[in-house]
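Undergrad: Residue numbers (our numbering): 1 to 498. Think of the CB as a built atom: it goes at the ideal place given N, C-alpha and C, for glycine as much as any other residue.
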């Protein structure tokens, strides 16, 4: 046994991917492509609305049609795949209803959507809000079923804007999840090697992780190819927003037929953060494996709303046991976020239950860095130990390269677009934006987008605010400060050999 090895490691139980609905090849993506339609004709009212979703949005009649929906029961959904499809369908309809299309934002969701959406969400152990899982993990198909899952063989099932840009935005991320599948298997192997004090196998596993991170970064780089920043910012991003820390919905929204009133007789509103890249369990798993922790930029914030009911011990069918109207639990305040409760832990309410439990169980045994430190801190001059430290640091460097690439993309697709919005005004805080005179709606070309990346690299450090204040992500954070802090927290874990 190597010197200074920690005796407790042999007692560690290593998680098995299959116990958490994780495939060793496709990772958090389902191994079988998601359903393209709910098979039971009972749910045709939902699917039929989605069939003409873009027509209804253009005609301004989506809300009218959703308002006529009957409340369908969810007990005819039989499989996880059916629940996932239902969640995607209801998420698109719900966000289309709330945000509209150049029309006033509304703060209540009709019972015909609200009640089944909350119940489907409870089964999946996620909050009833659009999330990364819905638009990325459960929203793809293979163009050629006999060919492998890769970016050049993927298509989306559904989008808000009906644009190629939105499809590409999701599919790049889907491909990242697919590429990252082998990283999860390597993480498990790395934990086993560290537990067994097998430096040779640990080096091999960390090398595999490093390679996977490089592939993820290269996949992310392809975002520029077919997703125009203008289209993304103005046509796609608004529909991914949630109703927490949202100026246009300061109290959140009412899920009609779900909560009723509080003890004061006041109507109950719910608040949830929208979809964000931070909800990727893959990236969180990589951070956990490397013992990288992230903290909120403002530790005094207290977020309120129906945000903390889905915990790691709840049953998949837990909604059927709640002794409340419609079998739906009441709103609860979320505890204050402290330095020991990072923001990324908070948004795990948007990660499917099995995947969230995987992250929690992985964190309980996250000891790779500790093990490597135990080797490096004992004046061990062994070449193998030096290689171990180097490959761990290389993983951190690759994660930082990925985060720098993400920062560049955020600058091009969000910060730059927000800065150019001087010709755009809001009729009121409750209305969708309208174009002001002189504003050009001509999107940038792919060539222009790519040529702007170099300049973004040099200006990204100052890309934090616009004339209206800090730019927030769809997940509710002050976007650039938070992302920069994540990058710096990654770099801080580097091990220095003496």
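Can you list, in chain order, the residues of its chain with a C-beta nearer than 6 angstroms to that of residue 514? Leave out the 5 residues immediately preceding and following it.
TA: Beyond the ends of the chain as shown, which are 1 and 498, falls residue 514; an answer cannot be given.
Undergrad: Looking only at its own chain, which residues have a Cβ that is under 6 angstroms from the Cβ of residue 31, when we skip the five neighbours before and after it?
TA: By 1-based counting over the chain shown, the position of residue 31 is 31. For residue 31, where only same-chain residues beyond five positions count, the Cβ hits under 6 angstroms are 23.
Undergrad: Which runs of the beta strand (DSSP E), 3 residues or longer, sit entirely within the stretch 71 to 104?
TA: You should have found no qualifying run.
Undergrad: Using CA coordinates, which residue listed in 91, 147, 152, 42 is at the minimum distance from residue 133?
TA: Here the question's residue 133 lines up with position 133 in the chain shown. Looking at the Cα atoms, 91 is the closest of the given residues.
Undergrad: Specify, as a first and last residue, the run of the beta strand (DSSP E) that residue 156 falls within.
TA: Against the chain shown, residue 156 aligns to sequence position 156. Note, residue 156: beta strand (DSSP E), 154 to 156.
Undergrad: I need the DSSP call for residue 372, collapsed to helix, strand or coil.
TA: Stepping through the chain shown from its first residue, residue 372 is reached at position 372. If DSSP states are grouped into helix, strand and coil, residue 372 belongs with the helices.
Undergrad: Using beta-carbon positions only, say whether residue 257 and residue 269 come within less than 8 angstroms of one another.
TA: Here residue 257 corresponds to residue number 257 of the chain shown, with the count starting at 1. Here residue 269 corresponds to residue number 269 of the chain shown, with the count starting at 1. Result no, Cβ atoms of residue 257 and residue 269 do not sit closer than 8 angstroms.
Undergrad: Check whether the Cβ atoms of residue 209 and residue 193 lie closer than 8 angstroms to each other.
TA: Within the chain shown, the letter at position 209 stands for residue 209. Within the chain shown, the letter at position 193 stands for residue 193. Taking 8 angstroms as the Cβ cut-off, residue 209 and residue 193 do not qualify as a contacting pair.
Undergrad: Does the distance from the CB of residue 138 to the CB of residue 220 come in under 8 angstroms?
TA: Walking along the chain shown from the start, residue 138 turns up at place 138. Walking along the chain shown from the start, residue 220 turns up at place 220. Result no, Cβ atoms of residue 138 and residue 220 do not sit closer than 8 angstroms.
Undergrad: Taking only runs that begin and end inside the stretch 220 to 297, name each unbroken alpha helix (DSSP H) of 4 or more residues, in chain order.
TA: Counting only runs of 4 or more, we get 223 to 226, 237 to 240, 281 to 289.
Undergrad: On the DSSP bridge list, what partners appear for residue 108?
TA: In the chain shown, residue 108 corresponds to position 108, counting from 1. Looking at the DSSP assignment, residue 108 forms a beta bridge with 254.
Undergrad: Buried or exposed: where does residue 267 fall if 16 or more other Cβ atoms within 10 Å of its Cβ makes it buried?
TA: Start at 1 with the first residue of the chain shown, and residue 267 comes out as number 267. Under this definition residue 267 is an exposed residue.
Undergrad: Does the beta-carbon distance from residue 93 to residue 49 come in below 8 angstroms?
TA: The residue you call residue 93 lines up with position 93 of the chain shown. The residue you call residue 49 lines up with position 49 of the chain shown. Yes.
Undergrad: Could you check where the beta strand (DSSP E) with residue 140 kicks off and where it finishes?
TA: Stepping through the chain shown from its first residue, residue 140 is reached at position 140. It spans 140 to 142 - the beta strand (DSSP E) in which residue 140 sits, taken as one unbroken run.
Undergrad: So, is residue 213 buried or exposed, given that buried needs 16 or more other C-beta atoms within 10 angstroms?
TA: On the chain shown, residue 213 is found 213 positions in, with the first residue counted as 1. The residue is buried, with at least 16 neighbouring Cβ atoms inside 10 Å.
Undergrad: With DSSP collapsed to three states, give me the class of residue 23.
TA: As a first step, residue 23 is located in the chain shown; it is residue number 23 there, counting from the start. Reduced to three states, the DSSP call for residue 23 is strand.
Undergrad: Are the beta-carbon atoms belonging to residue 70 and residue 41 less than 8 angstroms from one another?
TA: Position 70 of the chain shown, counted from the start, is the residue given in the question as residue 70. Position 41 of the chain shown, counted from the start, is the residue given in the question as residue 41. Cβ atoms of residue 70 and residue 41: not closer than 8 angstroms.
Undergrad: Can you tell me whether DSSP reads residue 60 as helix, strand or coil?
TA: Residue mapping note: residue 60 aligns to position 60 of the chain shown, counting from 1. Here residue 60 sits in coil by DSSP.
Undergrad: Ordered along the chain, which non-local residues of its own chain (more than five positions away) have a Cβ less than 6 angstroms from that of residue 353?
TA: Indexing the chain shown from 1 puts residue 353 at position 353. Here the set comprises 125.
Undergrad: So, at 6 angstroms on beta carbons, what are the nonlocal neighbours of residue 355 in its own chain, with the 5 sequence-adjacent residues on each side left out?
TA: Looking up residue 355 in the chain shown gives position 355. Same-chain partners within the cutoff: 28, 281.
Undergrad: Give every residue of the same chain whose Cβ lies closer than 6 angstroms to the Cβ of residue 358, excluding the five residues on either side of it in the sequence, and list them in chain order.
TA: The count along the chain shown starts at 1 and reaches residue 358 at position 358. Counting only Cβ-Cβ distances below 6 angstroms, and skipping sequence neighbours, we find 20.
Undergrad: With DSSP collapsed to three states, give me the class of residue 136.
TA: To locate residue 136, count along the chain shown from 1; it is residue 136. Helix at residue 136.
Undergrad: Figure out for me which residue from 39, 43, 113, 103 has the closest Cα to the Cα of residue 60.
TA: Your numbering for residue 60 matches position 60 in the chain shown. For residue 60, the nearest C-alpha among the options comes from 103.
Undergrad: Do residue 136 and residue 173 have their C-beta atoms closer together than 8 angstroms?
TA: The residue given as residue 136 occupies position 136 in the chain shown. The residue given as residue 173 occupies position 173 in the chain shown. Their beta carbons are under 8 angstroms apart, which means residue 136 touches residue 173 by this criterion.
Undergrad: List the endpoints of the continuous alpha helix (DSSP H) containing residue 358.
TA: To locate residue 358, count along the chain shown from 1; it is residue 358. Element bounds for residue 358: 353 to 364.
Undergrad: Are the stretch 160 to 167 and the stretch 236 to 250 touching by the rule of at least three beta carbon pairs closer than 8 angstroms?
TA: These segments touch.
Undergrad: Please determine, among 96, 56, 14, the residue with the shortest C-alpha to C-alpha distance to residue 190.
TA: Residue 190 sits at position 190 when you count from the first residue of the chain shown. Here the closest residue by C-alpha is 14.
Undergrad: Where residue 51 and residue 271 are concerned, what is the direct C-alpha to C-alpha distance, given to the nearest angstrom?
TA: Counting from 1 along the chain shown, the entry for residue 51 is found at position 51. Counting from 1 along the chain shown, the entry for residue 271 is found at position 271. Roughly 29 angstroms between the two C-alpha positions.
Undergrad: Got a sec? Which residues, its chain only, sit under 8 angstroms from residue 65 by beta carbon, not counting five neighbours each side?
TA: As a working note, residue 65 is residue 65 in the chain shown. The residues are 49, 56.
Undergrad: DSSP on residue 403, reduced to helix/strand/coil?
TA: For the purposes of this step, residue 403 is taken as residue 403 along the chain shown, with counting starting at 1. Three-state DSSP puts residue 403 in a helix.
Undergrad: Given that a residue counts as buried once 16 or more other Cβ atoms are within 10 Å of its Cβ, and exposed if not, what is residue 375?
TA: Taking the chain shown and counting its residues from 1, one reaches residue 375 at position 375. Per the 10 Å Cβ criterion, buried.
Undergrad: Quick check on residue 265: buried or exposed, where buried means 16 or more other Cβ atoms within 10 Å of its Cβ?
TA: Start at 1 with the first residue of the chain shown, and residue 265 comes out as number 265. Burial call: exposed.
Undergrad: Does DSSP put residue 173 in a helix, in a strand, or in coil?
TA: Translated into positions along the chain shown, residue 173 becomes position 173. Looking at residue 173 - three-state DSSP - the assignment turns out to be helix.
Undergrad: Residue 67: buried (16+ other C-beta within 10 angstroms of its C-beta) or exposed?
TA: Walking along the chain shown from the start, residue 67 turns up at place 67. With fewer than 16 Cβ atoms within 10 Å of its Cβ, residue 67 is classed as exposed.
Undergrad: Please report the residue range of the alpha helix (DSSP H) in which residue 416 lies.
TA: Residue mapping note: residue 416 aligns to position 416 of the chain shown, counting from 1. 416 to 419 is the span of the alpha helix (DSSP H), which, as asked, contains residue 416.
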